[in-house]
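Engineer:
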Amino acid sequence: MANKLKVTLVKSPIGAIPKHRATVEALGLKKLHKTVELPDNDAVRGMIWHVKHLVKVEEI
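Under my numbering, the first residue of the sequence shown carries the number 2, and numbering increases by one thereafter.
1) Excluding five sequence neighbours on each side, which residues of the same chain lie with their C-beta closer than 6 Å to the C-beta of E38?
2) Does DSSP put V25 in a helix, in a strand, or in coil?
3) Give the DSSP-derived three-state secondary structure of P19 in the structure shown.
4) How would you call P40, buried or exposed, if buried means at least 16 neighbouring beta carbons within 10 angstroms?
5) Return the Cβ separation of H21 and V52 in integer angstroms, given the expectation that the two are a contact with Cβ distance under 8 Å.
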């Protein structure tokens with residue numbers, strides 16, 4: 002596994018359920034097409050799994 006993940010918000014969470022909106026914000030994503038680098042661990046992978054329909058993930 003890689004050490005970091007590059008996560009990009011590609012779909013708006015406006016119509017998503019509130020739990021998914023909170024998860025997107027907890028990942029540090031606030032605007033569309035913004036990217037954050039996060040550590041590759043089980044907690045982050047679990048958060049990404051829940052909002053996989055809203056984000057794009059690349060291993061660095």
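Think of the CB as a built atom: it goes at the ideal place given N, C-alpha and C, for glycine as much as any other residue.
It should be emphasised that the depicted structure is a prediction, and the values quoted were computed from it without experimental measurement.
Structural biologist: With the given structure in hand:
1) Taking E38 as the centre and dropping the five residues before and after it, the same chain places the C-beta of K5, K7 closer than 6 Å to its C-beta, in chain order.
2) Reduced to three states, the DSSP call for V25 is helix.
3) Reduced to three states, the DSSP call for P19 is helix.
4) P40 comes out exposed.
5) Indeed they touch by this definition, with Cβ atoms about 5 Å apart.
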